[in-house]
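Chemist: I have a structure I would like to understand better, so I am pasting it below and will then ask my questions one at a time.
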Amino acid sequence: MAIESAIIQLPFERQRRTITVNPSLQLASSATSPMINIEFIVRHKFQWVIRGVNGASTLVHERLSPTLGIRFFLPPRYFFEGDSSQSIIREMLWKVGINGRLRLLSIGGAVQSFAQEMILSESKMGRNELFLLVEIEVLNVMLYDERVALERILRESEENAREGYGVVPASKSSIEALQMVLFEDGNASSEDCRICLEEFEAGSWISRMPCSHVFHRDCLTQWLSQSHYCPLCRFEMPT
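So, in structure tokens, the structure goes:
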């Protein structure tokens, strides 16, 4: 029967980790000494997210990896002997793809703490085996921040301009051939121009690059007159 459910959230740079500990007990009859039967079930979820200049995040792709599992047995005394159980738990977690010192310590500590409570509460009930199921979902977020990318590209362009190299404008014919789009809410990949950071006005004409990024016509013309790269993705225009 299920005893308790707890959620541990760990902060990581460019990643989020949500670990759900879902413990349960299983009765078993045996003449041997009581044992703790621990099973880890791990699911990895991968998400690709784009964060726009306006701060809004968009999920563009999500993928689930196959479930991994591992089971092992420990005598109850191990959970009261300092780092003994922690070392074993960390080794088992590493085998199912959970790594990182902070992450391992957090999960191992949660498992050890709950196991201690379970052992103490069940020790007087005559059970020969305690079953602890730990379900872990690892959420990996691959974040592409357009603000950071734009700042980097602008910085590189300014540095190249000062050095006098690496700056090649797009050809005039390729600039004139860019597709013009009448902006209406929802019909473009962005709500604002990533060059000037101003919002597009409904009913205005904007320019679309071959890579699908859109900008104010004047902003893009001025940009491409200095650099043949897309301001966001570095797509190369003809020179």
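At the far end of the sequence shown sits residue 247, using this note's numbering, and the numbering has no gaps. For glycine and all other residues, C-beta sits at the position ideal for the given N, C-alpha and C.
1) Going by alpha carbons, who is nearest to Ser73 out of Ser114, Ala178, Asn148 and Leu228?
2) Should the segment 199 to 212 be called in touch with the segment 59 to 67, which here means at least 3 C-beta pairs below 8 Å?
3) Return helix, strand or coil for Gly60, following the three-state DSSP convention.
4) Check whether the segment 152 to 161 touches the segment 49 to 60, counting contact only when three or more Cβ pairs, one atom from each stretch, lie closer than 8 Å.
5) In chain order, what residues of the same chain lie with their CB nearer than 7 Å to the CB of Leu240, ignoring the 5 residues before and after it?
6) Going by DSSP, what residue range makes up the alpha helix (DSSP H) through Val119?
7) Is Thr66 helix, strand or coil when you go by DSSP?
8) Which word fits Met150, buried or exposed, when buried means at least 16 other C-beta atoms lie within 10 angstroms of its C-beta?
9) Counting C-beta neighbours from all protein chains within 10 Å, is the total for Met188 16 or more, i.e. buried, or is it exposed?
10) Can you tell me where the alpha helix (DSSP H) holding Ile97 begins and where it ends?
11) Taking only the alpha-carbon atoms, compute the straight-line gap between Arg111 and Asp91 and give it to the nearest angstrom.
12) Can Leu186 and Ser212 be called in contact, C-beta distance under 8 Å?
13) Compare the C-alpha of Glu145 against each of Glu244, Ile49 and Pro246 and name the closest.
14) Identify which residue in Met100, Gln94 and Asn136 has its Cα closest to the Cα of Phe122.
15) Give me, in chain order, the residues of the same chain whose beta-carbon lies closer than 6 Å to that of Val176; leave out the 5 immediate sequence neighbours on both sides.
16) Does the distance from the C-beta atom of Phe223 to that of Ala210 stay below 8 Å?
17) In terms of alpha-carbon separation, which member of Met245, Pro84 and Asn136 lies closest to Val119?
Modeler: Looking at the atomic coordinates:
1) To locate residue 73, count along the sequence shown from 1; it is residue 65. Looking at the Cα atoms, Asn148 is the closest of the given residues.
2) yes
3) Residue numbering aside, residue 60 sits at position 52 when the sequence shown is read from its first letter. Note: Gly60 maps to coil in three-state DSSP.
4) In this structure the segment 152 to 161 touches the segment 49 to 60; the number of beta carbon pairs closer than 8 Å is three or more.
5) Position 232 of the sequence shown, counting from 1, holds the residue named residue 240. Around Leu240: Glu154, Ala157, Leu158, Arg202 and His221.
6) Translated into positions along the sequence shown, residue 119 becomes position 111. It spans Arg109 to Glu130 - the alpha helix (DSSP H) in which Val119 sits, taken as one unbroken run.
7) Working through the sequence shown from its first residue, we reach residue 66 at position 58. It is a strand residue.
8) Indexing the sequence shown from 1 puts residue 150 at position 142. Answer is exposed; the Cβ neighbour count stays below 16.
9) The residue labelled residue 188 in the question sits at position 180 within the sequence shown. Taking a 10 Å sphere around the C-beta of Met188, we find fewer than 16 other C-beta atoms and assign the residue as exposed.
10) Indexing the sequence shown from 1 puts residue 97 at position 89. Start and end: Ser92 to Lys103.
11) Working through the sequence shown from its first residue, we reach residue 111 at position 103. Working through the sequence shown from its first residue, we reach residue 91 at position 83. Spanning the two alpha carbons is a distance of roughly 16 Å.
12) Within the sequence shown, numbered from 1, the residue matching residue 186 stands at position 178. Within the sequence shown, numbered from 1, the residue matching residue 212 stands at position 204. In terms of Cβ geometry, Leu186 and Ser212 do not form a close pair [threshold 8 Å].
13) Start at 1 with the first residue of the sequence shown, and residue 145 comes out as number 137. Answer by Cα proximity: Ile49.
14) Counting from 1 along the sequence shown, the entry for residue 122 is found at position 114. Its Cα nearest to that of Phe122, the residue Gln94 stands out among Met100, Gln94 and Asn136.
15) The residue you call residue 176 lines up with position 168 of the sequence shown. Hits under 6 Å: His236 and Thr247.
16) As a first step, residue 223 must be located in the sequence shown, where it is residue number 215. As a first step, residue 210 must be located in the sequence shown, where it is residue number 202. Result no, Cβ atoms of Phe223 and Ala210 do not sit closer than 8 Å.
17) Indexing the sequence shown from 1 puts residue 119 at position 111. For Val119, the closest C-alpha among the options Met245, Pro84 and Asn136 is that of Pro84.
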